[in-house]
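Working notes for the structure below.
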Amino acid sequence: MLETLKETVSWLKPQIPEDAKIGIILGTGLGDLADNITDRKEIPYEKIPNFPVSTVAGHQGNLIVGKLGGKTVLAMQGRFHYYEGYDMKQVTYPVRVMQLLGIEYLFISNAAGGMNGSFEIGDIMMIEDHINLFPEHPLRGKNWEELGVRFPDMSDAYSKKLREMAVAIAKKNSIKLQYGVYVGIQGPTFETPAEYYFFKIIGGDAIGMSTVPEVIVARHGGMKVLAFSVITDLGVYGKVVEVSHEDVQKAAQEAQPKLAFLMEEVIKQL
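Quick note on the numbering used here: the sequence shown kicks off at 771 and runs consecutively.
Shown next, in the form of structure tokens:
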């Protein structure tokens, strides 16, 4: 894996400014956040050696280099999911590439189903912690000490410092911000009412099919993480309604301006 990573990084490095320390992963229906990035250069995933390719609607499939909040950023416009058939090494491959390119901060967004009774569709939930229910762990197998320790600590998976910055910005600008625990599952089916109820019982506030593997690998690589879920559908027990991928995309797109503002303002302060 190391040789494959080094090949990808060697190809990308001449195109990435040395001051790029911030990575961004944009999820379902949130790829348009990349429009806020100026002085941009887009690199299609299919042109990058050894890179997976997005297969899901709403994931454009570009690596974008440019300026956001006065800082150089490296943004993924579309991510990879376990349910697409990729293994966890492939799902998290771009995070490893970011690590070897010198990225220190990783900002993540996703679309999620809300299980907290106080949530509404369109809310932004800042992730405070997660529950990993994926059937495969991204660090399973041989550990390369060059990438991180064998048993990484996850007590501060979502940086307390970055979360405090986001809370202060939200309050100052009257942005409604929810808080909670994200449950990561395999997918691709949306949850049954009984499953929503179970995930709520074990401590979840929102549920989705991404993010957790990326966060684990980012923390393994020493990155500081800030992540947000856009609540695109509700799984509150007794109130579960039919949902489609198109519904999820629409709700995510409507929440984009507020989430883009939050991310950019935090980046400005780094």
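Note that beta-carbon positions come from the ideal geometry of N, C-alpha and C, so glycine has one too.
According to DSSP, residue 814 shares a beta bridge with 832. In the structure shown, residue 900 adopts extended strand secondary structure according to DSSP, grouped into three states. Your pair residue 777 and residue 820 checks out as a contact, with CB atoms roughly 6 Å apart and the cut at 8 Å. For secondary structure counted as the beta strand (DSSP E) over 3 or more consecutive residues, the segment 914-979 holds these complete runs in sequence order: 947-954 and 976-978.
Excluding sequence positions up to five before and after residue 949, its CB lies within less than 6 Å of the CB of 896 and 898, all in the same chain and listed in chain order.
Burial check for residue 919: the Cβ neighbour count within 10 Å stays below 16, so the residue is exposed. Beta-carbon to beta-carbon, residue 883 and residue 1004 are separated by about 7 Å, close enough to satisfy the 8 Å threshold. Using a C-beta cut-off of 8 Å, the segment 901-914 makes contact with the segment 976-996, since at least three inter-stretch Cβ pairs fall below that distance. At least 8 Å separates the beta-carbon of residue 977 from that of residue 1001.
In this structure, residue 914 sits near residue 772, with a CB-CB distance shorter than 8 Å. Here residue 784 is exposed. Its C-beta has fewer than 16 other C-beta atoms within 10 Å.
Counted as a single uninterrupted DSSP element, the beta strand (DSSP E) harbouring residue 846 occupies residues 841-847.
The beta carbons of residue 887 and residue 995 sit about 27 Å from each other, so the pair does not count as a contact at 8 Å. In this structure, residue 997 sits away from residue 871, with a CB-CB distance that is not shorter than 8 Å. Cβ contact annotation for residue 1034 (same chain, cutoff 8 Å, sequence separation greater than five): 806, 838 and 839, in chain order. Beta bridge pairing from DSSP links residue 880 with 999. Residue 778 sits in a helix when the DSSP states are folded into three classes.
Distance between residue 775 and residue 959, taken at the CA atoms: about 32 Å.
A residue is called buried when at least 16 other Cβ atoms come within 10 angstroms of its Cβ; residue 961 meets this threshold and is buried.
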